[in-house]
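Counting from 1 along the sequence shown, just add 3 to a position and that's the residue number in this note's numbering. Worksheet: the structure to be examined is printed underneath.
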Amino acid sequence: MTGFMGIISKNHQIKNNFDITINSVTQRIENIIVIGNCWFKRSIINKFVDDKLFIENSGFFICIEGIILNANSLMNILKVRDIFDLIVCLYNKHPSNFPLYLRGDFSGAIYDKNKDIWIIFNNHLGTKPIFYYFHEIEADFVFASELQMVVKGMRAIRSNTNLREIGAYCLL
């Protein structure tokens with residue numbers, strides 16, 4: 004897997020050691036972070052490490068997969084020093100639509116720890132897909148940049164992974 008995935012579950016214990024990797028010849032960097040009832044992982048190729056974001060501070064956790072082309076110009080306009088501060092500044096100014104100000108080929112997630120709000124987003128063209136599963140009764144939410152990682156996340160919290168006819172039609 005290259006990309007990211009997250010599991011938010013209020014009722015299930017998430018096993019930290021479940022396998023969500025795919026055998027690969029390429030060297031990768033993998034990071035895992037657990038914040039309360041949220042589990043998050045990313046896996047990136049070594050040579051693209053400077054284009055990715057996987058950082059937290061006392062108020063936010065941010066993960067960006069891909070490239071934000073207008074990051075430098077926005078950092079100059081908003082007078083911030085790095086991409087993390089740029090995303091936080093845009094989120095604070097425009098909480099519901101901050102990704103609309105970014106250009107490039109990216110997807111990501113931001114967690115506002117103070118408000119306990121997750122925002123999962125992709126670029127304005129939708130070229131970096133995000134797949135997800137939500138179970139309203141169990142209060143489980145699994146999201147990832149690859150569909151097979153969503154299935155593995157569902158299995159990690161013991162959710163049923165049978166394909167239903169309506170689900171297959173939705174995929175088509």
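Beta carbons are placed, not taken as given, at the ideal position from N, Cα and C, and that holds for glycine.
Beta-carbon within less than 7 Å of residue i's beta-carbon, same chain only, minus the 5 sequence neighbours each way: which residues are those?
i, result
"Leu150", "Phe134"
Once the 5 residues before and after residue i are set aside, which same chain residues still bring their CB inside 8 Å of it?
i, result
"Tyr94", "Phe63, Phe101, Ile113, Asp115 and Ile122"
"Asn125", "Pro102, Phe109, Ser110, Gly111, Lys131, Pro132 and Ile133"
"Ile38", "Glu59, Phe64, Tyr114 and Lys116"
DSSP beta-bridge partners for residue i?
i, result
"Ser46", "Gly6 and Glu33"
"Gly195", "Residue coverage of the chain in this structure runs from 4 to 175, which leaves residue 195 outside it and unanswerable."
"Phe63", "Asp115"
Out of curiosity, what's the CA-to-CA distance linking residue i and residue j?
i, j, result
"Lys2", "Glu168", "Absent from the model: residue 2. The displayed extent of the chain is 4 to 175, so no value can be given."
"Ile160", "Ser99", "29 Å"
"Ser61", "Asp119", "12 Å"
"Met8", "Val153", "7 Å"
"Gly6", "Gly69", "9 Å"
Within a Cβ cutoff of 6 Å, which residues of the same chain sit near residue i, ignoring the five residues on either side of it in sequence?
i, result
"Phe144", "Ile11 and Phe137"
"Ile36", "Phe43"
"Cys92", "Leu81 and Val83"
"Asn34", "Arg45 and Phe57"
May I ask which residues mark the beginning and end of the alpha helix (DSSP H) holding residue i?
i, result
"Ser76", "Ala74 to Leu81"
"Ala142", "It is not in any alpha helix (DSSP H) - Ala142 carries neither H nor E in the DSSP assignment."
"Glu168", "Glu168 to Leu174"
"Lys13", "Counting along the chain, Lys13 falls outside any alpha helix (DSSP H), and DSSP gives it neither H nor E."
With respect to the beta strand (DSSP E) encompassing residue i, which residues constitute its N-terminal and C-terminal limits?
i, result
"Asp88", "Run containing Asp88: none in the beta strand (DSSP E); it sits in the alpha helix (DSSP H), Ile86 to Lys96."
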